[in-house]
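Position 81 of the sequence shown, counted from 1, bears residue number 148 in the numbering used here, the numbering being contiguous throughout. Below: one structure, written as C-alpha cells.
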Amino acid sequence: MRIDKRRLYHLDWYLIINGLALLFVGLINLISATRSIEAGPYMLFTKQLVAIFIGVILVAVVTAYDYRLIAAYSKYWYLGALLLILVVFIAGSEGGGARRWLNVFGIPFQPSELM
C-alpha cells in the first residue's frame with residue numbers, strides 16, 4: 068500500500084475545524100459532568116483524550132491511502148472483524164448480562180463496532 072501525499076493537501080478544513088470544535092466542547096462537558104467522581108475529575112477526561120488522539124492518528128493514516136486500495140482489502144477486514152466477534156464467545160468478558168467485550172491490554176473493546 069502506498070501513501071498518496073496529495074490527499075493530505077486536499078482536505079476539507081471546515082469539516083476538520085468543526086469536528087475539532089465539537090471534540091473540544093465534548094471534553095469540556097465531560098469535565099463538568101465528572102467533577103464529583105471519587106476516582107478523580109480528570110480520569111475520564113484523560114481516557115477520552117487518549118481515545119481522541121488514537122482516533123485522529125487513525126483518520127490521518129486512512130486518509131493518506133487511496134480508498135480503492137482500502138476497498139481491495141475490505142474482505143479481509145470483514146473476515147477479521149467476524150473472527151473477533153467469534154472470539155468474544157470464547158474469551159469475552161460479560162457486561163450487563165451479555166458477553167460482548169474483549170479486553171485488549173486492559174482496555175475493553177467491543178468487536179461489533181467494527182461491523
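All C-beta atoms, glycine included, are put in the ideal place defined by N, C-alpha and C. Computed from a predicted model, the values in this text were never measured in an experiment.
In this structure, Leu97 places its C-beta atom within 8 Å of the C-beta atom of Leu111. Counting the other CB atoms within 10 Å of its CB gives Gly164 a total below 16, which places it among the exposed residues. One alpha carbon belongs to Lys114, the other to Asp133, and they sit about 31 Å apart. At the C-beta level, Leu169 and Val155 come within 8 Å of one another. The C-alpha of Gly93 is placed about 11 Å away from the C-alpha of Gly86. In the DSSP assignment, Arg166 is bridged to Glu161.
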